[in-house]
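Enquirer: I have a structure here, written as structure tokens, and I will follow up with some questions on it.
Protein chains: 2
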Amino acid sequence: MCEMEINGLKMPESMDEKTRSQLCPVVYAVSKLGGKWKLIVVHNLIEGPKRFGELRRAIPDITQRMLTLTLRELEEDGIVNREVFEVVPPHVEYSLTEIGQGLETVMSSLGDWGRSNFQQRRNAVA
Amino acid sequence: MCEMEINGLKMPESMDEKTRSQLCPVVYAVSKLGGKWKLIVVHNLIEGPKRFGELRRAIPDITQRMLTLTLRELEEDGIVNREVFEVVPPHVEYSLTEIGQGLETVMSSLGDWGRSNFQQRRNAVA
DNA sequence: AAGTATACTAACAAAATTGTGCCTAAAGGA
DNA sequence: TCCTTTAGGCACAATTTTGTTAGTATACTT
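Structure below.
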């Protein structure tokens, strides 16, 4: 289950279970996408580039600070691209990198699950 | 993007953007699967039922307390099933409910992304 | 001259999450 | 009789995350 190839080599059998589990692609993915806002921000960038303020309006409960922090981390992890236009007032656009766009499948399956889970639980009550 | 049907009815246009964004299936899904360990635990239950201790060994960094809390929440959200065998010493088995199993697609796409992201970033350095 | 807009940063405070250590029950084995 | 096993509970502490408030720069508009 937790195989992750390194330079085409499978993980060595010798590796202990702890180190090995940390190399699981799912665990790896989760480590990059954890945090309250990461997936929400990615979700909002799926449709295309957005400015800082647009993101803020699209995610009503996030604070400026948290949006900044989240974007910085996503940028560091190569998921989000930050493009600064040298004008005044400042204009900064955020978009998904190639890696970030790779999350489209994840986002859509998450959406599918959300929809059907929501329905099933509604029906269970009714 | 953020459509979620309620009993076959689309979300009313009248709803404000804040409430609406909270009804987005992706936002909904993320709200259920947020938290540091949720997805990791689900990931470990994909292959089949596991006992408390097995999960604990499979997730070396989780503490008993966090595993308990995480399982409780997943149970409340109808994602995980808890089956108690009345024997001594106690035997409790955790498994994915139908809703939980619906996450298989999410988990595998997450795994795919983890794998390719990992590779791309390695190559970028090399 | 004052106000507006944009995209922030910094200092600090509060809240949520996570971790640690110790305790329990009940049966069986040494 | 004491130790082991399993699946936790409970109190407290530390850490991380999140939120609040105030402030910055620059040009344009009124």
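Chains as they are written, first to last, in the working numbering: chain A, 3 to 128; chain B, 3 to 128. Just so you know, even glycine gets a beta-carbon here, dropped at the ideal spot from N, CA and C.
#1: Give me the chain A residues within the contact set of B/GLN122, using Cβ-Cβ distance strictly less than 7 Å, ordered along the chain.
#2: Sort B/GLN122, B/GLY116, B/GLN121 by Cα distance to A/TYR30 and report the nearest one.
#3: With distance defined between alpha-carbon atoms, name the residue in B/ARG124, B/LEU57, B/LEU47 nearest to B/LEU69.
#4: Mind checking whether A/THR99 and A/ASN83 have CB atoms under 8 Å apart?
#5: So if DSSP puts A/ARG84 in a beta bridge, which residue, or which two residues, is it bridged to?
#6: Can you pull the chain A residues whose beta carbon is under 7 Å from the beta carbon of B/GLY36, in chain order?
#7: I'd like to check one pair, A/VAL108 with B/LEU41: are the Cβ atoms closer than 8 Å?
#8: Please classify A/LYS38: does DSSP put it in a helix, a strand, or coil?
#9: Alpha carbon to alpha carbon, how far is A/ASN119 from A/GLN103? Give it in angstroms, no decimals.
#10: Using the three-state DSSP reduction, which class does A/ARG117 fall into: helix, strand or coil?
#11: Measuring only the C-alpha atoms, how far is A/LYS20 from A/CYS26?
#12: Could you tell me which residues DSSP pairs with A/ARG123 in its beta bridges?
#13: Does the separation of the CB atoms of A/HIS45 and B/VAL28 fall below 8 Å?
#14: Note down the Cα distance separating A/GLU85 from A/PHE54, rounded to an integer number of angstroms.
#15: Please check if any C-beta of chain A sits within less than 8 Å of the C-beta of B/ASN119.
#16: Quick one: give me the first and last residue of the alpha helix (DSSP H) that B/GLY104 is part of.
#17: Report yes or no: is there a C-beta of chain B within less than 8 Å of the C-beta of A/VAL82?
Expert: Once the coordinates are examined:
#1: Neighbours of B/GLN122 on chain A, chain order: ILE101.
#2: Per the Cα distances, B/GLY116.
#3: Per the C-alpha coordinates, the member of B/ARG124, B/LEU57, B/LEU47 positioned closest to B/LEU69 is B/LEU57.
#4: Yes, these two residues count as a Cβ contact at 8 Å.
#5: Paired residue(s): A/TYR96.
#6: At a beta-carbon threshold of 7 Å, the residues of chain A lying near B/GLY36 are LYS38, ordered along the chain.
#7: No, these two residues do not count as a Cβ contact at 8 Å.
#8: A/LYS38 sits in coil when the DSSP states are folded into three classes, being neither helix nor strand.
#9: Rounded to whole angstroms, the separation of the alpha carbons of A/ASN119 and A/GLN103 is 25 Å.
#10: Of the three classes helix, strand and coil, the one that applies to A/ARG117 here is helix, per DSSP.
#11: Residue placement at A/LYS20 is poorly supported in this model, since its pLDDT is 48, which falls under 50; the coordinates still yield a value, given next. Separation of A/LYS20 and A/CYS26 (C-alpha to C-alpha, rounded to the nearest whole angstrom) is 10 Å.
#12: Looking at the DSSP assignment, A/ARG123 forms no beta bridge with any residue, so it has no partner.
#13: In this structure, B/VAL28 lies closer than 8 Å to A/HIS45 by Cβ.
#14: If I take the Cα positions, the gap works out to 11 Å.
#15: With 8 Å as the cut-off, B/ASN119 counts as an interface residue toward chain A.
#16: Taken as a continuous stretch (DSSP letters only), B/GLY104 belongs to no alpha helix (DSSP H), as it is neither H nor E.
#17: With 8 Å as the cut-off, A/VAL82 does not count as an interface residue toward chain B.
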